[in-house]
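Numbering (the working numbering), first residue to last: 29 to 181.
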């Protein structure tokens, strides 16, 4: 039940973009996008959904890389970006402070991400469905290990 508002936003957001680009009504674009998603999910099953997720992930990663490269070029290179970030106090890579009130401590980040993703990977219906559809326990573990860096990014 908690995913129903999320699905509505997932359908509405691209419908706005489609309606602006094509000059069709938002209602029509919602119906078209909903129909396309229903058809490829019905015909391709979970495998079709996973391939779509992979394509979406690839587009997002290429877009992220393009923004990072372009931003670094505009800023004078990655070395300059890291120098400015370090001078501004935004980078604390090896802060091993055990203080629970420390914002960017290595241990606090590990604890926080462990709690967040243990919940995501163990209670989220969409994640469980993806894990269960794997052909073996080893394949499921491999998929989780492969997915973790994407979630951290």
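For glycine and all other residues, C-beta sits at the position ideal for the given N, C-alpha and C.
Quick one: measure Cβ to Cβ for residue i and residue j, integer angstroms, because I've assumed they're closer than 8 Å.
i           : j           : result
residue 157 : residue 148 : Residue 157 to residue 148, Cβ: 13 Å. No contact.
residue 168 : residue 159 : 5 Å
residue 69  : residue 77  : 6 Å
Name the two residues that bound the continuous alpha helix (DSSP H) containing residue i.
i           : result
residue 69  : 54-103
residue 48  : 31-50
residue 147 : 134-151
residue 110 : 106-115
Does the distance from the C-beta atom of residue i to that of residue j stay below 8 Å?
i           : j           : result
residue 136 : residue 144 : no
residue 74  : residue 161 : yes
residue 54  : residue 39  : no
Who are the Cβ neighbours of residue i in its own chain at under 8 Å, not counting the five residues just before and after it?
i           : result
residue 109 : 99, 100, 103
residue 85  : 178
residue 172 : 149, 159
residue 91  : none
Might you give, ordered along the chain, the residues of its own chain that have their beta carbon closer than 6 Å to the beta carbon of residue i, omitting 5 neighbours on each side?
i          : result
residue 17 : Coverage of the chain is limited to positions 29 through 181, which leaves residue 17 absent and any answer about it impossible.
Looking at C-beta atoms only, is the number of pairs between the region 54-68 and the region 39-46 that lie closer than 8 Å three or more? Three or more beta-carbon pairs separated by less than 8 Å link the region 54-68 to the region 39-46, which places the two stretches in contact.
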